[in-house]
Every structure is written in C-alpha cells, then in structure tokens.
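First comes the structure, then the notes that go with it.
Chains as they are written, first to last, in the numbering used here: chain A, 410 to 669; chain B, 90 to 510.
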C-alpha cells in the first residue's frame, strides 16, 4: 500500500499530511520524531484503514507556524486539520507526543471522538519516574531510550546517515531545530501540560498500547491513563520499547483493531 | 579603547580528574564539588580583585550571569554589582547582564538596574543577554522555541518602563501588568547604555544596529576565530544603513595573561589556562544547544554553539596552540600589546572585556598580570581609534560621585542634633 504526501490548508498554516489506504478513516498523530510517507507502520496501517497522518508545522518539509505556542493551540490546530480533511469522528490514534495531543483533543471535544488509540502517550509526569530529557539526549544515545532491541534500533535510526559530512550535519541540525523546536513547545522541559486534570472528560472507547521495555516513557505511566480514562483498556506488548510501532507493528495494529 | 576587567568567577577547586569523572561543568554539575565554606573566601577574593582592577585604572569592571555552572558562580550578577557599586568610585560597572527572559516579571530588571544606576551614580552599563541554552533552557526551563519572543517582549517592557513618565498598562503575551510604574528609575537618560551579548545570530546583529546597542561577542576561542563572525556583523552594519561603523558598536571578550617575558607567561599561567580550557569548558554537548533555541536562519549561516569544543577537544591543545591560535593572548607586555592591537584592528572592536582571572589562578598572579596590563599595555592602546574618541553612545555617564561611608563623626552628628533640638 503506497502512501502519498499531500497538503491541506488550515487557518494558521498549510499542513502536510500522509494519506493512503482504504477502510475506516483513521487519523494518526506522530511522535516527536515525526513521520514519513515510507513509514512501515503507516504502510501496514493503511492495509486496514484509510490513514491520514498530518505533520505538525515544522515537521518534514512543512511550513513552520509561530502562532502555535501552547497546548491549547496544538489541540485546536489539530482539530482544524481534521475539519479541513473533511472528516467527522475518525478513529483518532496518537503515538507519544501525538498521543498527548490526541488525548487533549478527546478531552476538549468529548462528543467528537468515539474511538481513541493512545500508543505510549506523553502528557503525564510522575516524580518517582522522571522521563529522560529528550532535548539533552545526543543522537547516539537515542536508540537505547527508544528500542527494546537497541542494536537493531541503532541500525534503523542511522541507516544511510553520514554524520561526518558537514552538509548533512547542517541539514540534520536544521531539521532537529524545526521539529524538536516545535515539539518543545509542549514537551520542554517536562512533557506535562495539565492533561491529568482533563482526562476525566474523555468519553471515547480508549485503547492504550505500551511496550514493556519502554525506557523513554516507562510502562508505569499507563496506569495514570488507565485510571484517568473511564473504561480504557491497556494492551501491553512484550519485547518492545517506545518505538513499539516499529518493533511490533502487527501487534499494535491488532490492538487498535479492538476499537472496532 | 575601553577596557573592562572581567571575572567569570570560576570555582577553583575542580579536581584533577574532573573531566574523567563528570559529564558536565554546567547544568548537572556534582553538588559535592561546591563547598560553601570555601566559597566565602573565593567570593571575597574575586570581589577584591575586581576592586583592585578599578583602583589601578581599568575603565570598567564586569560581571555576568550563569546558573548551575562550575566556572561562573554568579547566578545573580546584580548582587555582585551591588557590592562593587559601594566599594568603588568612578569606574564603570558592566553587568553583562541580566538574562531578561528569566525574570518574572522583567520589570524586576528595570528596577534593579535602576537601583544600581542610582547607587553607583550613573555608572551602570547594562547587558541584556538571551542567555546560553544551558542557562535559559536547561537550568531555567524556558521553552527553546519561545525564548526569543519572550526575550523581545521583556526588552520592550524594560525600555518602556525606563522611559515612560506615567503609569502604563502592558498587555504582553508573557507579561500582563496593569500598572507599570517603576520607582526608582535610572539616572542615565534616556536609559543606561545597553550591550547585547551575541553568538552570531543575524537577528541579534539587527537588533543592536537598529537600537544603537553595542554587540558583544563573548567567546573563549579568541580573536582569530572570531574574525568571520565579526566580519558578518560589520557587513550587516553597512547593509542596514547604520550612520557609522564605530568600533564602540562592538565588544569582545579575550583571555589575557601578562608577564615580564613570553617564557615567564607560560611558566606562570599555563596550569591555570589548562584548568580553564580543560575543566571549566567541559560541557556535556547535549546541553549546548536545545533544539529551537537557535533560529533556523542562524543555524544555516553555520553559527554553531561555541560550547561545542574544537575537533579533538581542548585537551589536545598545547600552550603553544592556545596562544598562537589566539584563544589566549599571553606574553610580555609588548607581545600582548601587539596582539591586542591586531585584535582591535582586525575585529574593529572598541570595548575589550579583559578576562584576566583565568581558571584557578591565585590572586597574587592575577594581581601581577593585571598590574602589568594596566601600566604597560593599556596606555599604549588607548588611542587605537582616534577618529571615534568622542563616541560615548555606548558608555556610561556618571554624575559627580558621593563617596560611600560619608557619615559625619558621632560627635559631629550630636552637635548638629543638639543645635536642632
């Protein structure tokens, strides 16, 4: 199933989104690392759903947007995207930072979301289990935070990269500044913006998916979401880290299937 | 030229194996390495040295702001400047500066700087840094991509608070204040001169040019490496249509060590220079530049954090490398004079921030180097820019000074009270 990169206009910025597949419409919100049209998880997801994966402004080749600054801006902007795509009540799925945004969307407009998939979402904070500082993490340290199989993860992240080439390095730094700069507005310095006091508003049937060896947002965080969202179900996946979507693609898609 | 004696206030007791055992001198530096009892002497010695520099003829003495940092134990520069303002007379006080995005609300800066200007009798030169990413983002939690917008708003608020003569409302994005009416306000009019530390952002160049602020490049890698950056600044000054290219539109920080001869300089200062470059600048690269802190435009011009060490790290640089490449200007008074003249002329810099206390340098050596500089180097460099000798736009304008401690004798006081009652 091949996916296409398209553009849709919203109030604040033209938004790039990845679209493809057929089936029930599903909006997927990416994590702080972004998403690409050749993403193996999205490709697999598109075998079952009509997938729309909008990029946050600044991600990939999309335009930046200075007007989006805080959590409410992110939440309403993403609703603007759903509206601009002409979708009503799509299955809403988010990974990591995308999960945080999806949960906020479902909390702010509880009657507009009936099926919600949160894959190791950000948004809560436990003093006894501090989440590593993503913004102070060097690229070579990332794989051990993101993957259960660190060696395979390293290969996945660094395939085709030539960090010794200064031109490549500059492009890398620009992308990093654009993407993580945007993500930092809701994740820096602590990825928590008051979601815990809004979770009670969520009415959607909610599936939580977590990799057992997630070292970025450890599985203990699943309990806060499970407790906060009435009737939510947790699917724990063994031998998978934060990038559970890449490490156990089929199992994640199977878990989302429970949303109906 | 204007000479400012600057002390970063490094902690002088970092252990020999600091690099091996610690990941960073900044942000998450080991609490156990700081000894509050020892710091009593360290602080007082550093203040004494600043006062000494004032006594022997430097134009200004300077302090700055860093947080959670082993080479700068000055989280509050205004406390240092307040201490200095009482114990000195006539010398300029360069506070480089207050990281204005970190003060909540920023009228606090307008107030404290006004107090410093009033107590010192108009000797304040005010610095408004954005702050390094270590300080601003990692220690003080400001969101990197919003830091500059917040900084800009803080600047606008402070200037308005300094220059408006009636209460006003300030409806900012980051500051909502219904009644701004700072009391006291500064002596210097319309406000104290402003220096902006920058690291190569084009936006900062323009900000300085448009507001007639001095652009200060506070580098530790010396004047030779600074050429490209300062050329970029002067090019922008011309492009932007500034009325002149006065060297006082720019400042530069340079590590300087003076001795009788070049050989003696190496013998006396090498270990302290080593201490600074190898221990004090040991910053974990993950803290150097939070994504979003630098603008895209700046990254594209290739201006990377100066805290990213040179390839191979500083530890591979010998004394010869450090002095020849200009990281450090060291040697006899004549050697230092020649190299500083080259610095002034190649960079077109009129405000020199002299880093004369280096790493764990003991006070005696620091006094020796400072005295040689004041007597044998400074006088010969005063008139490097004769055509701009009257340019006082970027310097303080003190009023007639009241001496601290001018109470009458108790006897005299009693007489006066006696006559009045």
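In this text, a Cβ means the ideal position worked out from N, Cα and C, and glycines have one as well.
To the nearest angstrom, report how far apart residue i and residue j are at their CA atoms.
i	j	result
residue 130 of chain B	residue 137 of chain B	10 angstroms
residue 467 of chain A	residue 587 of chain A	5 angstroms
residue 229 of chain B	residue 236 of chain B	11 angstroms
residue 439 of chain A	residue 462 of chain A	7 angstroms
residue 156 of chain B	residue 628 of chain A	34 angstroms
residue 191 of chain B	residue 616 of chain A	41 angstroms
residue 113 of chain B	residue 623 of chain A	27 angstroms
residue 188 of chain B	residue 217 of chain B	6 angstroms
residue 665 of chain A	residue 453 of chain A	12 angstroms
residue 475 of chain B	residue 94 of chain B	22 angstroms
residue 563 of chain A	residue 551 of chain A	8 angstroms
residue 268 of chain B	residue 250 of chain B	10 angstroms
residue 480 of chain A	residue 304 of chain B	35 angstroms
residue 244 of chain B	residue 489 of chain B	29 angstroms
residue 506 of chain B	residue 498 of chain B	12 angstroms
residue 370 of chain B	residue 426 of chain A	43 angstroms
residue 107 of chain B	residue 374 of chain B	16 angstroms
residue 259 of chain B	residue 239 of chain B	14 angstroms
residue 625 of chain A	residue 117 of chain B	20 angstroms
residue 262 of chain B	residue 242 of chain B	8 angstroms
residue 501 of chain B	residue 178 of chain B	25 angstroms
Give me the chain B residues within the contact set of residue i, using Cβ-Cβ distance strictly less than 7 angstroms, ordered along the chain.
i	result
residue 590 of chain A	233, 234, 380, 381
residue 586 of chain A	380, 381, 383, 385, 388
residue 665 of chain A	Simply none; closest approach about 30 angstroms.
residue 554 of chain A	Within chain B, no residue comes near residue 554 of chain A; the closest Cβ sits about 12 angstroms away, beyond 7 angstroms.
Looking at the structure shown, is residue i part of a helix, part of a strand, or coil, going by DSSP?
i	result
residue 129 of chain B	helix
residue 275 of chain B	coil
residue 443 of chain B	strand
residue 329 of chain B	coil
residue 215 of chain B	strand
residue 227 of chain B	helix
residue 534 of chain A	coil
residue 515 of chain B	Absent from the structure is residue 515 of chain B, since the part of chain B shown begins at 90 and ends at 510.
residue 109 of chain B	helix
residue 615 of chain A	strand
residue 154 of chain B	coil
residue 556 of chain A	coil
residue 462 of chain B	helix
residue 661 of chain A	helix
residue 413 of chain A	strand
residue 602 of chain A	coil
Measuring CA to CA, which of the options is closest to residue i?
i	options	result
residue 363 of chain B	B:500, B:92, B:104	B:104
residue 566 of chain A	A:442, A:437, A:413	A:442
residue 173 of chain B	B:460, B:144, B:158, B:509	B:144
residue 663 of chain A	A:457, A:634, A:416	A:457
residue 438 of chain B	B:150, B:306, B:421	B:306
residue 523 of chain A	A:494, A:501, A:613, A:594	A:613
residue 309 of chain B	B:448, B:121, B:503	B:448
residue 254 of chain B	B:321, B:326, B:275	B:275
residue 458 of chain B	B:420, B:493, B:472, B:299	B:420
residue 203 of chain B	B:272, B:241, B:358, B:149	B:272
residue 420 of chain A	A:484, A:455, A:471, A:493	A:493
residue 166 of chain B	B:205, B:128, B:134, B:142	B:205
residue 585 of chain A	B:383, B:282, B:356, B:161	B:383
residue 405 of chain B	B:367, B:234, B:442, B:196	B:367
Going along chain A in order, which residues have a C-beta closer than 9 angstroms to the C-beta of residue i?
i	result
residue 375 of chain B	542, 544, 545, 546, 547, 550
residue 227 of chain B	542, 544, 545, 598
Could you tell me which chain A residues have their CB closer than 7 angstroms to the CB of residue i, listed as they occur along the chain?
i	result
residue 230 of chain B	598
Under 8 angstroms between beta-carbons, which chain B residues line up against residue i? List them in chain order, please.
i	result
residue 593 of chain A	232, 233, 234, 379, 380, 381
residue 481 of chain A	None at all; the shortest Cβ gap to chain B is about 13 angstroms.
Whose Cβ in chain B lies nearer than 9 angstroms to the Cβ of residue i?
i	result
residue 583 of chain A	385, 388, 389
residue 478 of chain A	232, 234, 235, 238, 262
Tell me whether the stretch 546 to 560 of chain A and the stretch 628 to 643 of chain A touch, counting them as touching only if at least three CB pairs, one residue from each stretch, are closer than 8 angstroms. Segments in contact, no.
Between the stretch 540 to 547 of chain A and the stretch 510 to 522 of chain A, do three or more beta carbon pairs fall short of 8 angstroms? The stretch 540 to 547 of chain A, when compared against the stretch 510 to 522 of chain A, does not touch it at the 8 angstroms Cβ threshold.
Pairs of beta-carbons, one from the stretch 351 to 365 of chain B and one from the stretch 406 to 418 of chain B, closer than 8 angstroms: are there three or more? yes
Under 8 angstroms: do the stretch 289 to 303 of chain B and the stretch 337 to 349 of chain B share three or more Cβ pairs, one atom per stretch? yes
Please determine if the stretch 520 to 539 of chain A and the stretch 598 to 607 of chain A are in contact, where contact requires at least 3 C-beta pairs separated by less than 8 angstroms. yes
On the three-pair Cβ rule with 8 angstroms, is the stretch 462 to 476 of chain B touching the stretch 121 to 130 of chain B? no
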